[in-house]
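Data first, discussion second: the structure below is written as structure tokens.
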Amino acid sequence: MFRSSMLAAVFVCGLFGAAQATPWTDTYTYTLLFGDSLSDQGRAFAASGAVPSPPGPGFPFYPPSQPLGPYFAGRFTNGPNYVDMLQANNGLVTGGNFDNYAFGGATAALRPLNPIPDLPEQVGEFFASGTDVGSRALAMFFFGGNDSFTAAFEAASTFPDAAAIGLARAAGVLSANSVRDNVLLFDGLLQDVAILNLGDPARTPRFALPNFVGVAPPIEQPAPATGRPLAFLVSAFTDAYNARLMEVSEELRGVGFRVTDIDVASLFDNYLDNAPSFGVTNTTQPCGSLVTFQAGFPVHDFSSDVCDESDPASVNASAWFDDVHFTQTGHKLLAGAVQSAVPVPLPATALMLGAGLVLLRGLRRRG
């Protein structure tokens, strides 16, 4: 009796374990992704013409808007990013059953005079393409970082602190509402949606380190030359954005969407708070440090000895490749979190077989 029960239990567990590894293509006919630099697979790089900016005196520059040199194939990191990993895990083929509209520098809220395609423009690109996504498509949305930077810089000239925090929080709500409004455009086309929230950018080197960026530098526009810290404004935005996203998810469920919330904020905190368990020994200094801005884009210097860019192990022992972007270590964790969170229902045959084994166990007990 014990042996047969154990075999049934092991077999049922095996079925559920296999289901977790089932590629998305077994459930979803098409996957769409909308996002910013963390999800960009080379669109910003291609749009730039793949032309590096002129090198500065004494060291090479590698702007993340044009990821060259140590940046990998137009990604904003040192190797394949989490999207590449999800593609490999799930049989996603660009232009076949997957399209990624993410663009480095994009925001959730529309900036009409900005040449970078923000969320509303990315969604517009999709609808203009006329792509047939089939009977059950999945749409993923991952934004917020650039919105938080803009909000902090714009609120930095407002005093007292409470008023500035209020502006940053209002911007967070506005950006989350933009996610809602753009998801609603898919009503009638798809029901499955994954929304990723935002890890607090105040913990990135750009704002955590006491450098010229973390204190509203004169070189950063439109931030005023106040010397005022920005981290508290970035955090205020993030708290409001994430709180509003939770409400947005409920509102979307109320009108028929199947929404998966992916808690990047908690993943991000766990990554930094328990770095050694992920093989990370450096959580403060980025491999490439921010030194200036060119035409509004950040420029990084990789000439320091923080990382040996020729050695992946050296780079991946650091949490940060540049001042706001993960190394591959963070992308692997993010890919795992998304893979685990996106629901892939068990095939009906597996459910029937599992139920049969449970029934068999019950009958054996009666006997």
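Per the numbering used here, the sequence shown runs over residues 44 to 410.
All C-beta atoms, glycine included, are put in the ideal place defined by N, C-alpha and C.
Computed from a predicted structure; not experimentally measured.
The closest CA to that of V176, considering only M183, N157 and G139, is found on G139. By the neighbour-count criterion, in which a residue is buried when 16 or more other Cβ atoms sit within 10 angstroms of its Cβ, G242 is buried. In terms of Cβ geometry, V387 and T70 form a close pair [threshold 7 Å]. Nearest to A251 by C-alpha distance, out of A90, L315 and A145, is L315. Ranked by Cα distance from G167, the first of L376, F77, D366 and A279 is F77. In terms of CA proximity to L162, A145 leads the group T174, A145 and A171.
Here the region 212-220 does not lie against the region 302-310, with fewer than 3 beta-carbon pairs under 8 Å apart. By the Cβ neighbour-count rule, P160 is buried, with 16 or more other Cβ atoms within 10 Å of its own. According to DSSP, G78 shares a beta bridge with F185. By the neighbour-count definition (other C-beta atoms within 10 Å, threshold 16), S353 is an exposed residue. With a threshold of 16 other beta carbon atoms within 10 Å, T174 falls short and is exposed. The three-state secondary structure of S361, taken from DSSP, is strand. Under the three-state reduction of DSSP, L241 is assigned to coil, being neither helix nor strand.
In this chain, N313 is not harboured by any beta strand (DSSP E); it is covered by the alpha helix (DSSP H) spanning V307 to D316. Taking 4 residues as the minimum length, the alpha helix (DSSP H) runs contained wholly in the region 200-238 are 204-227, in order along the chain. Taking C-alpha positions only, N121 is separated from L210 by approximately 35 Å.
With fewer than 16 other CB atoms across the displayed protein chains lying within 10 angstroms of its CB, P203 is exposed. The beta carbons of V222 and V236 sit no closer together than 7 Å. Annotation: V291 to S347 spans about 43 Å, alpha carbon to alpha carbon. Straight through space, the alpha carbons of A195 and A274 are spaced by roughly 8 Å. Residue nearest to T201 within the set F345, I238 and R271 is R271 (criterion: CA-CA distance).
Of N133, D365, F119 and L376, the smallest CA-CA separation from W67 is found for N133.
One thing to note: V126 has its Cβ no nearer than 7 Å to the Cβ of S80. By the beta-carbon neighbour count (other beta carbons within 10 angstroms, threshold 16), D230 is exposed. Residue pairing by DSSP places L333 opposite H343 in a beta bridge. Within the same chain, and ignoring the five residues on either side of T326 in sequence, the residues whose Cβ sits closer than 6 Å to its Cβ are L315, A318 and A362. Listed in chain order, the non-local C-beta contacts of T324 below 8 Å within the same chain comprise A318, A360 and S361, local neighbours out to five positions each way being set aside. The shortest C-alpha to C-alpha distance from R249 to any of L333, Q371, A378 and T372 is the one to L333.
Under the three-state reduction of DSSP output, T372 falls in the helix class. Under a 10 Å Cβ-count criterion, L276 is classified as buried, with 16 or more other Cβ atoms of the shown protein chains found around its own Cβ. According to the DSSP secondary-structure assignment, A198 is paired through a beta bridge with no residue. L288 places its beta carbon 7 Å or farther from that of A182.
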